[in-house]
């Protein structure tokens, strides 16, 4: 039966999105992971994906419409005979209520329908007990709702496998976008320049929340980068410019590897409780020309070799500047790395991006007088910093973590 | 635990605990109906009268309010009395003393008075003793600030909780389920006092948390065994202490399994199971992947006929079914 594709949440601070483009026309088939639309958020234009096989149905909003998270965007028809027809999984759009009103008229101008920093997928009320008649909204367990909100997955697009047809954790996990299998974007939107004023607002909101709620502690550690510099120079010497590695990639890999033994720095604060993340998805701070900043994820950075990481980083930088970031890239980072290497500053005092609990900063590597075995030598030294959430870790562990990062950077060939 | 283990019963473990208390502290004495010459209606105190004499093993008149009040008074006066009440049903006659005196005196005296009394009582059904001897009213006592309430289910707890309870400056109620008295098992020969508070994880699992106490513990463990045959790894939590409840252990388990079923021989309405369920909603709502389930006694006075009594109580198939329901199976 007909289902509804809803405006996904692409991060804890997203309240609404504007439709820029449908990438599929009514009647076109969609495979799970296909891009269905491009939406404009405060972080720029994002391609959003569907999480099931379906056929694009009737659009419910038009180009340029701004609707809140959870509002219906389009109908999705079943892809084929394998799709279940279940009375409890979806109701016709006319019976459904978005968070701010009836489906078709659900446009939003100046008043976001949802306030607060944690917008959730459509239904706000708990699942009704089994005794109630067929639900008019998607049943989902609290744990499933939380994970769906984190991953930007629209519950209404899922068929639940739990009691009474409820969406449960396993359904969300099955629907989670897998970076390895996600197809490349079908096309690059050309008009998708981020709205810098809106981005500034989003940064302001996130950073204000961070400084208001997160008791940061800060550690700095000077480390000898000479071996890594020499190794990088040798490695890059024979390569064309397009295949050379940047020091920033070594930083990302060293941080990702070090996090293996410091899981309390890799994850999320959920209402004051720490939730460790299974994967290590390093948010990489990338400045946008003209102002603004975004930190999309490099998924499973600890598993990638340096060349693969470099490819991902180049791709991210290009898409940050041209638009076209994917939804999961914005909502998935479990930790952030920020490097101001080209800006000439010695050290960076990071502000944690909530709900993450740590940010690692690198200043400019530069020659300094450094004592090596009782003699003073000129060595290339960089200051690594850690800002972490004191609710979930302490300086002792933070210090050990930075020392581990430094140790990894002493053996660049092993990264 | 080191050293040798002895084969014993729950009844003998409780008796050994009483003996130890009598031996260790001369202020300890036991009183209750038929605890002396008769040896206790569940034979827990058999032999103690001969060994310790009528001063320390005191038969009382059939007046729960009277002898429980005397025990409370003795505790305030510096003794360490163990009061045995035949069943929780009869304890209602002593409720005035327990609630209005034992539970309140420390508070009302501004801390000047302590009430280190221990009240042991049998609870629960299964012996065809009908509706006036078979109820599980633990939740009523667990409702009351000023009391500590514990339900030893294992031999270790039956052996070890009494001394800890006597050391406690507040009144402690110990519930001994009647179906546990004959349970046999191995107990370390040097078994000693155990903490009165804190829940225990009796079986590790990842799929569903089965939370229970007292007489339902072994039914629940049996259910967990059956669930394992269906590839469902149930975690079994023995609450041990009914007041205070060990929220941390419960929530840690729910955070791991995302599903919970509470098994409680009390009636469902206003039960301990209701309290545990409410706390899970309050503290672990976003961890839940299914509604919290409950297996409780049917809301009838416990029947006399064997088949009806059996049908009224939580049983293994119902526990298995409730656990599977949380998994949609």
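Chains as they are written, first to last, in the numbering used here: chain D, 91 to 505; chain Y, -10 to 318.
The C-beta atom is built at its ideal place from N, Cα and C for all residues, glycine as well.
(message) I need the straight-line Cα distance from residue 236 of chain D to residue 467 of chain D, nearest angstrom please.
(response) As a first step, residue 236 of chain D is located in the first chain; it is residue number 146 there, counting from the start. As a first step, residue 467 of chain D is located in the first chain; it is residue number 377 there, counting from the start. Roughly 53 angstroms between the two C-alpha positions.
(request) Please classify residue 506 of chain D: is it buried, with 16 or more other beta-carbons within 10 angstroms of its beta-carbon, or exposed? (result) Since the first residue of chain D shown is 91 and the last is 505, residue 506 of chain D is not available in this structure.
(request) Name, please, each residue of chain D whose Cβ falls closer than 7 angstroms to the Cβ of residue 317 of chain Y. (result) Here the question's residue 317 of chain Y lines up with position 328 in the second chain. By Cβ distance, chain D contributes 251, 252 and 253.
(message) Counting C-beta neighbours from all protein chains within 10 Å, is the total for residue 125 of chain Y 16 or more, i.e. buried, or is it exposed?
(response) To locate residue 125 of chain Y, count along the second chain from 1; it is residue 136. Buried.
(message) Just list the residues that DSSP pairs residue 282 of chain Y with in beta bridges.
(response) Counting from one through the second chain, the residue named residue 282 of chain Y turns up at place 293. Note: residue 282 of chain Y sits in a beta bridge opposite Y/250.
(request) Below 8 angstroms between beta carbons is the criterion; list the residues of the segment 269 to 280 of chain Y that meet it against any residue of chain D, in chain order. (result) Taken in chain order, the members of the segment 269 to 280 of chain Y whose beta-carbon sits within less than 8 angstroms of a beta-carbon on chain D are 274, 275, 276, 277, 278, 279 and 280.
(message) For the segment 72 to 85 of chain Y against the segment 110 to 117 of chain Y, do three or more pairs of beta-carbon atoms, one drawn from each stretch, fall closer than 8 angstroms, so that the two count as touching?
(response) yes
(request) Closer than 7 angstroms by C-beta to residue 131 of chain Y: which residues in its own chain qualify, once you throw out the five before and the five after it? Chain order, please. (result) Residue numbering aside, residue 131 of chain Y sits at position 142 when the second chain is read from its first letter. Excluding residues within five positions, the ones whose Cβ falls inside 7 angstroms are 138, 231, 232 and 261.
(message) Along the chain, where does the beta strand (DSSP E) containing residue 163 of chain Y start, and where does it finish?
(response) Start at 1 with the first residue of the second chain, and residue 163 of chain Y comes out as number 174. Residue 163 of chain Y -> beta strand (DSSP E) spans 161 to 166.
(request) Grab the span of the beta strand (DSSP E) containing residue 46 of chain Y for me, first residue to last. (result) Position 57 of the second chain, counted from the first residue, corresponds to residue 46 of chain Y. Residue 46 of chain Y -> beta strand (DSSP E) spans 46 to 48.
(message) Taking 8 angstroms as the threshold (beta carbon to beta carbon), is residue 312 of chain Y in contact with chain D?
(response) Locating residue 312 of chain Y in the second chain gives position 323, where the first residue counts as 1. So no, residue 312 of chain Y is outside the interface.
(request) Please list the partners that residue 259 of chain D has in chain Y, where partner means a Cβ-to-Cβ separation under 8 angstroms. (result) Position 169 of the first chain, counting from 1, holds the residue named residue 259 of chain D. Result: 247 and 278.
(message) Cutting at 6 angstroms between CB atoms, please list the residues of its own chain near residue 356 of chain D, excluding the five before and the five after it.
(response) As a first step, residue 356 of chain D must be located in the first chain, where it is residue number 266. If we look at residue 356 of chain D and ignore the five residues flanking it on each side, its Cβ neighbours are 349, 367, 370, 424 and 425.
(request) Would you check if the distance between the CB atom of residue 139 of chain D and the CB atom of residue 126 of chain D is smaller than 8 angstroms? (result) For the purposes of this step, residue 139 of chain D is taken as the residue at position 49 of the first chain. For the purposes of this step, residue 126 of chain D is taken as the residue at position 36 of the first chain. Closer than 8 angstroms, so yes.
(request) Could you tell me which chain Y residues have their CB closer than 8 angstroms to the CB of residue 236 of chain D, listed as they occur along the chain? (result) On the first chain, position 146 is the one that residue 236 of chain D refers to. Going along chain Y in sequence order, the residues near residue 236 of chain D (Cβ under 8 angstroms) are 275.
(message) Does residue 124 of chain Y come out as helix, strand or coil in the three-state DSSP assignment?
(response) Sequence index remark: in the second chain, residue 124 of chain Y carries index 135 (1-based). Coil, per DSSP.
(message) Whether or not the segment 150 to 166 of chain Y and the segment 283 to 297 of chain Y are in contact is what I'm after, with contact meaning three or more pairs of Cβ atoms, one per stretch, closer than 8 angstroms; do they touch?
(response) With a cut-off of 8 angstroms, the segment 150 to 166 of chain Y and the segment 283 to 297 of chain Y do not count as touching, because too few Cβ pairs lie within range.
(message) On the DSSP letters alone, give me the boundaries of the beta strand (DSSP E) that residue 110 of chain Y sits inside.
(response) Counted from its first residue, the second chain places residue 110 of chain Y at position 121. 107 to 112 is the extent of the beta strand (DSSP E) around residue 110 of chain Y.
(message) My parser needs the beta strand (DSSP E) runs of 3 or more residues fully inside the segment -4 to 32 of chain Y; what are they?
(response) 17 to 21
(message) Applying the 10 Å Cβ sphere with the 16-neighbour rule, what's the burial state of residue 66 of chain Y?
(response) Counting from 1 along the second chain, the entry for residue 66 of chain Y is found at position 77. Under this definition residue 66 of chain Y is an exposed residue.
(message) Are there any heavy atoms of the ligand PLP lying less than 7 angstroms away from the beta-carbon of residue 259 of chain D, as far as the coordinates show?
(response) Among the ligands in the structure shown, none appear at all, so the ligand PLP cannot be discussed.
(request) Return helix, strand or coil for residue 344 of chain D, following the three-state DSSP convention. (result) For this step, residue 344 of chain D is matched to residue 254 along the first chain. It is helical.
(request) Go to residue 313 of chain Y, then tell me how far its alpha helix (DSSP H) extends in each direction, as first and last residue. (result) In the second chain, the residue the question calls residue 313 of chain Y occupies position 324. 305 to 315 is the span of the alpha helix (DSSP H), which, as asked, contains residue 313 of chain Y.
(message) Closer than 8 angstroms is the cut-off here; do at least three beta carbon pairs connect the segment 172 to 192 of chain Y with the segment 30 to 42 of chain Y?
(response) The count of Cβ pairs closer than 8 angstroms, one atom from the segment 172 to 192 of chain Y and one from the segment 30 to 42 of chain Y, stays below three, leaving the stretches out of contact.
(message) What does the Cβ neighbour count give for residue 250 of chain Y, buried or exposed, with the cut at 16 atoms within 10 Å?
(response) Walking along the second chain from the start, residue 250 of chain Y turns up at place 261. With 16 or more Cβ atoms within 10 Å of its Cβ, residue 250 of chain Y is classed as buried.
(message) So the candidates are D/289, D/147, D/296 and D/249; which of them puts its Cα closest to the Cα of residue 379 of chain D?
(response) Looking up residue 379 of chain D in the first chain gives position 289. That would be D/289, whose Cα lies nearest to the Cα of residue 379 of chain D.
(message) Is the beta carbon of residue 453 of chain D closer than 8 angstroms to that of residue 469 of chain D?
(response) Position 379 of the first chain holds residue 469 of chain D. Position 363 of the first chain holds residue 453 of chain D. Contact: no.
(message) List, in chain order, every chain Y residue whose beta-carbon is nearer than 8 angstroms to that of residue 233 of chain D.
(response) Your numbering for residue 233 of chain D matches position 143 in the first chain. Ordered by position in chain Y, the residues that pass the 8 angstroms Cβ test against residue 233 of chain D are 247, 275, 276, 277 and 278.
(message) Would you call the segment 101 to 118 of chain D in contact with the segment 151 to 164 of chain D, where contact means no fewer than 3 C-beta pairs closer than 8 angstroms?
(response) yes
(message) Give me, in chain order, the residues of the same chain whose beta-carbon lies closer than 7 angstroms to that of residue 303 of chain Y; leave out the 5 immediate sequence neighbours on both sides.
(response) For the purposes of this step, residue 303 of chain Y is identified with residue 314 of the second chain, where counting begins at 1. Closer than 7 angstroms at Cβ, skipping near neighbours: 205, 208, 252, 254, 284, 285 and 286.
(request) Following the continuous alpha helix (DSSP H) through residue 145 of chain Y, name the residue where it begins and the one where it ends. (result) In the second chain, counting from the first residue as 1, residue 145 of chain Y sits at position 156. 144 to 156 is the extent of the alpha helix (DSSP H) around residue 145 of chain Y.
(request) For residue 52 of chain Y, count neighbouring Cβ atoms within 10 angstroms of its own Cβ and tell me buried if that reaches 16, exposed if not. (result) As a working mapping, residue 52 of chain Y is identified with position 63 in the second chain. Residue 52 of chain Y should be labelled exposed.
(message) Would you call the segment 489 to 504 of chain D in contact with the segment -10 to 9 of chain Y, where contact means no fewer than 3 C-beta pairs closer than 8 angstroms?
(response) no
(message) Going by DSSP in three states, residue 137 of chain D sits in which element: helix, strand or coil?
(response) As a working note, residue 137 of chain D is residue 47 in the first chain. Reduced to three states, the DSSP call for residue 137 of chain D is strand.
(request) Within the segment 284 to 322 of chain D, note down every full alpha helix (DSSP H) run reaching 4 residues or more, in order along the chain. (result) Within the segment 284 to 322 of chain D, complete alpha helix (DSSP H) segments of at least 4 residues are found at 286 to 303, given in chain order.
(message) Within a Cβ cutoff of 7 angstroms, which residues of the same chain sit near residue 295 of chain D, ignoring the five residues on either side of it in sequence?
(response) Indexing the first chain from 1 puts residue 295 of chain D at position 205. If we look at residue 295 of chain D and ignore the five residues flanking it on each side, its Cβ neighbours are 103.
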